[in-house]
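The block underneath contains the structure these notes are about, expressed in structure tokens.
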Amino acid sequence: MPILNRIAEFHDEITAWRRDLHAHPEVLFDVHRTAGIVAEKLKAFGVDEIVTGLGRTGVVGIINGRTNTSGRTIGLRADMDALTVTEQTGAAYASTIPGKMHACGHDGHTAMLLGAAKYLAETRNFDGRVAVIFQPAEEGGGGGKVMIEDGLIEKFDIAEVYGMHNWPGMPVGHFGIRAGGIMAATDRFYITITGQGGHAARPQQTIDPIIVAAQLVTALQTIVSRNLDPLDNAVLSVTMIEAGEADNVISQTAKITGTVRTLDGAVQDFIEARLNDMVPQLALAFGATAEIRYARGYPVTVNSEREASFAADVAAEISGEERVDRDVAPSMGGEDFSFMLNERPGAYIFVGNGESSELHTDTYDFNDEAIPVGTSYWVRLAERALKAG
Numbered sequence: 359m360p361i362l363n364r365i366a367e368f369h370d371e372i373t374a375w376r377r378d379l380h381a382h383p384e385v386l387f388d389v390h391r392t393a394g395i396v397a398e399k400l401k402a403f404g405v406d407e408i409v410t411g412l413g414r415t416g417v418v419g420i421i422n423g424r425t426n427t428s429g430r431t432i433g434l435r436a437d438m439d440a441l442t443v444t445e446q447t448g449a450a451y452a453s454t455i456p457g458k459m460h461a462c463g464h465d466g467h468t469a470m471l472l473g474a475a476k477y478l479a480e481t482r483n484f485d486g487r488v489a490v491i492f493q494p495a496e497e498g499g500g501g502g503k504v505m506i507e508d509g510l511i512e513k514f515d516i517a518e519v520y521g522m523h524n525w526p527g528m529p530v531g532h533f534g535i536r537a538g539g540i541m542a543a544t545d546r547f548y549i550t551i552t553g554q555g556g557h558a559a560r561p562q563q564t565i566d567p568i569i570v571a572a573q574l575v576t577a578l579q580t581i582v583s584r585n586l587d588p589l590d591n592a593v594l595s596v597t598m599i600e601a602g603e604a605d606n607v608i609s610q611t612a613k614i615t616g617t618v619r620t621l622d623g624a625v626q627d628f629i630e631a632r633l634n635d636m637v638p639q640l641a642l643a644f645g646a647t648a649e650i651r652y653a654r655g656y657p658v659t660v661n662s663e664r665e666a667s668f669a670a671d672v673a674a675e676i677s678g679e680e681r682v683d684r685d686v687a688p689s690m691g692g693e694d695f696s697f698m699l700n701e702r703p704g705a706y707i708f709v710g711n712g713e714s715s716e717l718h719t720d721t722y723d724f725n726d727e728a729i730p731v732g733t734s735y736w737v738r739l740a741e742r743a744l745k746a747g
């Protein structure tokens, strides 16, 4: 693979950064140490402008090219936060913080973008500006949205924005991307069923909310299996049921919680509407009442067609066309980079992590062999998007 020679020289240094971040995981917006390290390194690299505290603890560095006749700024984004998982890797650089772990590879994402920032600040072989974006709270906190609300796009006049995520099971040196939805919207629903409680020995005098809940669990599955076009992608999973406190009492209430994952906004709207229609009607058929609250989470992560094709071309330059899947299967996991893609065109790409444990498991570890691949991709993407005349 044509990994950039200078990036190859950085490999050990970037690996050391990554392992230090891995040993000191921080979650959600509480990424003060990580953000501090990022800002210090950007300053040492000679980055032209460094803004901290954007989106509470986010960091943005602006690197000017040799020229700026294009007047364009592109954004490259990495996430910094870890998860509340107790690490079981046994690595020498394993988490030193009980109950916290970089179980999704954000340590690797941050380190690779830092490596790219170092290279770009040294060479400046582009026309325009590169914004390196280090985001907190991807894991459920919506840090991308908070950075947007704090003026990320307007403040730096970002024209396009790009993201990357390591992908277990994909060989190191390979990339995967697709135009359109690549990561799912992550919605949740909360149902409260109210019946009439009573003695378990006299069920005829009650309206059993558990019976209603059982019927609902089955009925909800028909939204995907019988109401949607089979070619549409959607997941509806009931994940929690709560009811009762004693084995001889029929409860007054039961609660159902679940998640909906979709790759298309129209499908998302349909499922929400169908849930709001079905749930109270089915409960009424049993003489009970049911209330549903549908909470939208991260939107669908949608790659714009031109930028997805461009990103794939850059990946092919790094790894070879045969190692780039331009129609990779989408994931039903969620990603708050979607908020940035809702504001500007861009693309989100997967980079191979090899045969590692799955994301969000206590034995997962970012594969340091992917560092030159991902870092070279960032550099070439910036140079090609802002090609000097």
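According to my numbering, the stretch in the sequence shown is residues 359 to 747, in order.
Glycine included, every Cβ here is placed at the ideal spot set by N, Cα and C.
None of the values given here were measured: they were computed from a predicted structure.
Could you compute how far the alpha carbon of A666 sits from the alpha carbon of I614? By one-based count along the sequence shown, residue 666 stands at place 308. By one-based count along the sequence shown, residue 614 stands at place 256. Between A666 and I614, the C-alpha separation is close to 39 Å.
Report yes if the C-beta distance between R654 and I581 is below 8 Å; otherwise report no. Translated into the one-based positions of the sequence shown, residue 654 becomes position 296. Translated into the one-based positions of the sequence shown, residue 581 becomes position 223. Taking 8 Å as the Cβ cut-off, R654 and I581 do not qualify as a contacting pair.
For A641, which residues of its own chain have a beta-carbon under 7 Å away from its beta-carbon, when the five flanking residues on both sides are left out? Here residue 641 is taken as the residue at index 283 of the sequence shown, counted from 1. Cβ within range, chain order: I551, V570, T647 and A648.
Report yes or no: do three or more beta-carbon pairs, one from the segment 710 to 723 and one from the segment 439 to 457, lie closer than 8 Å? yes
Provide the residue span of the beta strand (DSSP E) that contains N700, from first to last. Against the sequence shown, residue 700 aligns to sequence position 342. Judged by DSSP secondary structure, N700 falls outside any beta strand (DSSP E) and instead within the alpha helix (DSSP H) spanning S696 to E701.
Just tell me which of H523, V504, D485 and H369 has its CA closest to the CA of P688. Taking the first residue of the sequence shown as position 1, residue 688 is located at position 330. Per the Cα distances, H523.
Cβ-Cβ separation, G423 to G344 (assumed contact under 8 Å), whole Å: The shown model of the chain, from 359 to 747, leaves out residue 344, and the question about it has no answer.
What is the DSSP secondary structure of M359, counted as helix, strand or coil? Translated into positions along the sequence shown, residue 359 becomes position 1. With a pLDDT of 47 at M359, under the threshold of 50, the modelled position of that residue is not reliable, and the figure given next carries that caveat. Here DSSP, grouped into helix, strand and coil, assigns M359 to coil.
Cα-Cα, which of G498, H467 and T481 is closest to W525? What you label residue 525 is simply residue 167 of the sequence shown in a count that begins at 1. Taking only the C-alpha atoms, the option nearest W525 is H467.
Cβ of E384 versus every heavy atom of the ligand FAD: is any distance shorter than 7 Å? The model on display carries no ligand, and the ligand FAD is accordingly not part of it.
Put K745 into one of helix, strand or coil per three-state DSSP. Reading the sequence shown from its first residue, position 387 is the one you call residue 745. It is coil, neither helix nor strand.
Of the residues E407, Y451, I535 and R391, the one placed nearest F514, counting alpha carbons only: Reading the sequence shown from its first residue, position 156 is the one you call residue 514. Here the closest residue by C-alpha is E407.
With a 10 Å radius around its C-beta and 16 neighbouring C-beta atoms as the bar for buried, classify V519 as buried or exposed. Here residue 519 corresponds to residue number 161 of the sequence shown, with the count starting at 1. Buried is the call here.
Pick out the complete alpha helix (DSSP H) segments inside the segment 457 to 541, 4 residues or longer, and give them in chain order. 464 to 481, 501 to 507 and 510 to 514
Please go through the segment 362 to 391 and give each complete alpha helix (DSSP H) segment of 4 or more residues, from N-terminal end onward. Taking 4 residues as the minimum length, the alpha helix (DSSP H) runs contained wholly in the segment 362 to 391 are 363 to 381, in order along the chain.
What's the call for N363, buried or exposed, on a 16-neighbour Cβ count within 10 Å? Mapped onto the sequence shown, residue 363 falls at position 5. By the neighbour-count rule (16 or more Cβ atoms within 10 Å), N363 is not buried but exposed.
Backbone CA spacing between E507 and E713 [nearest angstrom]: The residue you call residue 507 lines up with position 149 of the sequence shown. The residue you call residue 713 lines up with position 355 of the sequence shown. The straight-line gap from Cα to Cα measures roughly 38 Å.
With 16 other Cβ atoms within 10 Å as the buried cut-off, status of Q493: Here the question's residue 493 lines up with position 135 in the sequence shown. The residue in question, Q493, is buried, as its Cβ has 16 or more Cβ neighbours within 10 Å.
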